[in-house]
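Inspection log for the structure reproduced underneath, given as C-alpha coordinates.
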Amino acid sequence: VTQKRAMSWCQSKGNVPYFETSAKEAINVEQAFQTIAKNALQQETDLELYSDFPDPIKIDSDVNRYDGCNC
180 VTQKRAMSWC QSKGNVPYFE TSAKEAINVE QAFQTIAKNA LQQETDLELY SDFPDPIKID
240 SDVNRYDGCN C
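180 is the number of the first residue of the sequence shown in the working numbering; add one for each residue after it.
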(Lines of atoms letter the chains of each structure in order from A and count residues from 1; the text may use other names and numbers.)
(Lines give C-alpha, C1' and ligand atoms only; values in the text may rest on other atoms or scores of the structure.)
Protein backbone atom coordinates (compact mmCIF):
# COMPACT_ATOMS: atom_id res chain seq x y z
CA VAL A 1 0.00 0.00 0.00
CA THR A 2 1.38 3.39 -0.89
CA GLN A 3 1.76 6.09 1.74
CA LYS A 4 -0.57 8.37 -0.20
CA ARG A 5 -3.30 5.72 -0.38
CA ALA A 6 -2.96 4.88 3.32
CA MET A 7 -3.12 8.55 4.31
CA SER A 8 -6.16 9.08 2.08
CA TRP A 9 -7.92 6.12 3.71
CA CYS A 10 -7.13 7.49 7.19
CA GLN A 11 -8.60 10.88 6.25
CA SER A 12 -11.74 9.24 4.85
CA LYS A 13 -12.29 7.47 8.17
CA GLY A 14 -12.39 10.66 10.22
CA ASN A 15 -8.71 11.58 10.34
CA VAL A 16 -7.51 8.33 11.87
CA PRO A 17 -3.84 8.79 12.84
CA TYR A 18 -1.42 7.42 10.26
CA PHE A 19 1.77 5.66 11.32
CA GLU A 20 4.43 3.85 9.36
CA THR A 21 5.60 1.11 11.70
CA SER A 22 7.97 -1.82 11.79
CA ALA A 23 7.74 -4.40 14.54
CA LYS A 24 10.96 -5.97 13.27
CA GLU A 25 12.88 -2.70 13.57
CA ALA A 26 10.80 -1.39 16.52
CA ILE A 27 9.91 1.77 14.62
CA ASN A 28 6.85 3.77 15.78
CA VAL A 29 5.22 0.71 17.37
CA GLU A 30 5.08 2.23 20.86
CA GLN A 31 3.95 5.63 19.56
CA ALA A 32 1.19 4.06 17.44
CA PHE A 33 -0.04 1.96 20.38
CA GLN A 34 -0.01 4.92 22.78
CA THR A 35 -1.93 7.10 20.33
CA ILE A 36 -4.56 4.43 19.64
CA ALA A 37 -4.99 3.72 23.37
CA LYS A 38 -5.26 7.43 24.20
CA ASN A 39 -7.88 7.97 21.48
CA ALA A 40 -9.88 4.94 22.62
CA LEU A 41 -9.91 6.16 26.22
CA GLN A 42 -10.95 9.64 25.09
CA GLN A 43 -13.85 8.22 23.08
CA GLU A 44 -14.94 6.16 26.08
CA THR A 45 -14.84 9.27 28.29
CA ASP A 46 -16.86 11.23 25.73
CA LEU A 47 -19.51 8.49 25.62
CA GLU A 48 -19.73 8.39 29.43
CA LEU A 49 -20.59 12.10 29.51
CA TYR A 50 -23.75 11.47 27.52
CA SER A 51 -24.80 8.33 29.40
CA ASP A 52 -25.28 10.29 32.65
CA PHE A 53 -28.18 12.35 31.32
CA PRO A 54 -31.68 11.14 32.24
CA ASP A 55 -34.27 10.29 29.63
CA PRO A 56 -35.60 13.45 27.99
CA ILE A 57 -39.01 14.79 28.97
CA LYS A 58 -41.42 15.07 26.06
CA ILE A 59 -43.32 18.34 26.47
CA ASP A 60 -45.45 17.93 23.36
CA SER A 61 -46.91 14.56 24.29
CA ASP A 62 -50.62 13.98 23.56
CA VAL A 63 -51.01 11.57 26.50
CA ASN A 64 -52.35 14.12 29.02
CA ARG A 65 -54.62 16.13 26.70
CA TYR A 66 -58.34 16.16 27.38
CA ASP A 67 -61.23 17.10 25.11
CA GLY A 68 -63.26 18.74 27.84
CA CYS A 69 -62.89 20.68 31.06
CA ASN A 70 -61.24 18.96 34.01
CA CYS A 71 -63.04 20.99 36.68
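Where a beta carbon is used, it is the ideal one built from N, C-alpha and C, also for glycine.
On a predicted model such as this, the values are computed, not experimentally measured, just so you know.
Cβ-Cβ distances below 8 Å link residue 198 to 207, 210, 211 and 214 in the same chain, with the five nearest sequence neighbours on each side left out; the list follows chain order. Per DSSP, reduced to three states, the secondary structure at residue 206 is strand. In this structure, residue 180 and residue 189 do not form a Cβ contact; the two beta carbons are roughly 11 Å apart against a cut-off of 8 Å. For residue 183, the uninterrupted alpha helix (DSSP H) segment begins and ends at 182–191.
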